[in-house]
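Using the working numbering, the letters of the sequence shown correspond one by one to residues 368 to 552.
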Amino acid sequence: MEKEGLGCGICHGPGSLHMENEHEPGLIINPNKNPEVCFRCHLDKKAEFRLQYHHPVIEGLVSCSGCHDPHGSEARAWTLTSFSDTNEVCFKCHPEQRGPFVFEHDAMREGCTICHKVHGSVNDKLLIARDSNLCLRCHFQTQTDPNRFWIGDSDHDARLPRGSCFSAACHTAVHGSNFDDHLRY
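The following block contains the structure:
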């Protein structure tokens, strides 16, 4: 399958090797087993996988093609990536986050990438922001009392020193809950 001038040889090596040595399948480069093939064009992603928290691609525990399908019908020519529904890609490995939940966190409708980086992050759990800063990206309101910190109709001033929203054991089911709507946010 050729995409906008990028032929098979870009990822799988020169076709002449395959034709001359058809009984030696080891000569065909398999990007599933070697992420360096992908990193030739996606050097920025290699850097992301070297961050402290990352999907274990460089370690060989998952492959780029586990999430990306360069041969897919929805692949965009300039990226060779197929992502019709990012959440579905994430749920392949993280099915416990799918739900359905009785009390679903609204962010789930927006998609996993509202809170998570997909390749690597400086924050645990591949979060895009640290601690309560993540939650305050959406759950923030103008403060009218300098002595109180309000989120919704609840005074959070005394709660914030305990830690982030989820690590302080207040909102532990950030994806959703079947028991208590306050656990999610």
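Each residue gets a CB set at the ideal place from its N, CA and C atoms; glycine is no exception.
If you draw a straight line from the alpha carbon of residue i to that of residue j, how long is it in whole angstroms?
i: I377; j: D452; result: 26 Å
i: S499; j: H435; result: 31 Å
i: H409; j: P381; result: 20 Å
i: V429; j: N388; result: 29 Å
i: S488; j: H422; result: 9 Å
i: K400; j: R497; result: 33 Å
i: H486; j: I425; result: 11 Å
i: N397; j: H438; result: 13 Å
i: D547; j: C405; result: 44 Å
i: M386; j: C457; result: 37 Å
i: K413; j: P513; result: 44 Å
i: V469; j: E477; result: 17 Å
i: F416; j: H523; result: 36 Å
i: R465; j: G427; result: 26 Å
i: L384; j: E471; result: 53 Å
i: R407; j: G433; result: 18 Å
With DSSP as the reference, please indicate the residues paired to residue i in a beta bridge.
i: D522; result: W517
i: E471; result: G543
i: L384; result: L384 is not bridged to any residue.
i: G487; result: H421
i: L494; result: H483
Tell me whether the beta-carbon of residue i lies closer than 8 Å to the beta-carbon of residue j.
i: L501; j: Y420; result: no
i: C431; j: P462; result: no
i: N454; j: C482; result: no
I'd like to know whether the C-beta of residue i is nearer than 8 Å to at least one C-beta of chain C.
i: I377; result: The question asks about chain C, but that chain is absent: this structure has only one protein chain.
Buried or exposed: which applies to residue i, given that a residue is buried once 16 or more other Cβ atoms fall within 10 Å of its Cβ?
i: C505; result: exposed
i: K484; result: buried
i: M475; result: buried
i: C460; result: exposed
i: P467; result: exposed
i: H390; result: exposed
Confirm the yes/no value for this check: CB of residue i, any heavy atom of the ligand ADP, distance under 7 Å.
i: G382; result: For the ligand ADP, the structure offers nothing, since it holds no ligand at all.
* Sufficient close CB pairs (3 or more, under 8 Å) joining the segment 507-527 to the segment 541-548 -> no
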